[in-house]
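**Q** In my numbering, the protein residues as written are 31 to 248.
For glycine and all other residues, C-beta sits at the position ideal for the given N, C-alpha and C.
Please read these numbers as outputs of a predicted model, since none were measured by experiment.
First the structure, then my questions, so here it is.
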């Protein structure tokens, strides 16, 4: 069985259960901007879409994507001050990260979450220490599934690591499409938030039902 050197791991829905934080923050953003929040069951379907702007246009189709700036600002403000406290690591995350490091693996977080919120979320749960690299959404920088995310933001930190040595782990379409664009192996976190019926069409090499299952692919 092939082994992998670098594990590029998603945040929301992969190592962190952030659904309660997402629902709370999106509900608060809608109320702040004078809109009636959709039911939580519907709002939850927006998770895993790859960007807050896409989430907003999914939930409120009358809002063009280029008018979602106030929503993104409100959401991130509420998430930072209230929502983040509702997020929790999935069971076994710490133990699995420690096992990966003990096996000589290298770890990076590759997320489309705003990078300041991403870093604070990892730090709040003492997870930052496990990762050599943490990248999130930044203005003017590429994000998943754009392969320039690898070329410009990830690969320079891991000289000598070829895409064939990378395992992309995530629960969303940006993760699966990112792996496909790179020619890297993909591991689908089936316990996450993505639309599994669509994601399996990417033919991920592995599927895991809990983050701890990734230890089977050391």
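May I have a chain-ordered list of the beta strand (DSSP E) segments no shorter than 3 residues that lie completely inside the segment 102 to 139?
**A** You should have found no qualifying run.
**Q** Where DSSP assigns a beta bridge to residue 238, which residues make up the other side?
**A** Answer is 219, bridged to residue 238.
**Q** Relative to the C-alpha of residue 20, which candidate in 39, 35 and 32 has its C-alpha closest?
**A** An answer regarding residue 20 cannot be provided, because it is not within the stretch 31 to 248 covered by the chain.
**Q** Between 54, 79 and 55, which lies nearest to residue 201 when the distance is taken from Cα to Cα?
**A** Nearest C-alpha to residue 201: 79.
**Q** Which value, in whole angstroms, describes the spacing of the CA atoms of residue 237 and residue 93?
**A** Those two C-alpha atoms are separated by around 35 Å.
**Q** Please list the terminal residues of the continuous beta strand (DSSP E) segment that includes residue 203.
**A** No beta strand (DSSP E) contains residue 203, which is instead part of the alpha helix (DSSP H) from 203 to 212.
**Q** Among 32, 46 and 35, which has the Cα closest to the Cα of residue 148?
**A** Nearest C-alpha to residue 148: 46.
**Q** What are the boundary residues of the alpha helix (DSSP H) that residue 198 is part of?
**A** Not the alpha helix (DSSP H): residue 198 falls in the beta strand (DSSP E), residues 196 to 200.
**Q** By how many angstroms is the C-alpha of residue 197 removed from the C-alpha of residue 207?
**A** Rounded to the nearest angstrom, the two C-alpha atoms are 13 Å apart.
**Q** Could you check whether residue 76 and residue 67 sit closer than 7 Å to each other, using their CB atoms as the reference points?
**A** No, the Cβ-Cβ distance between residue 67 and residue 76 is not below 7 Å.
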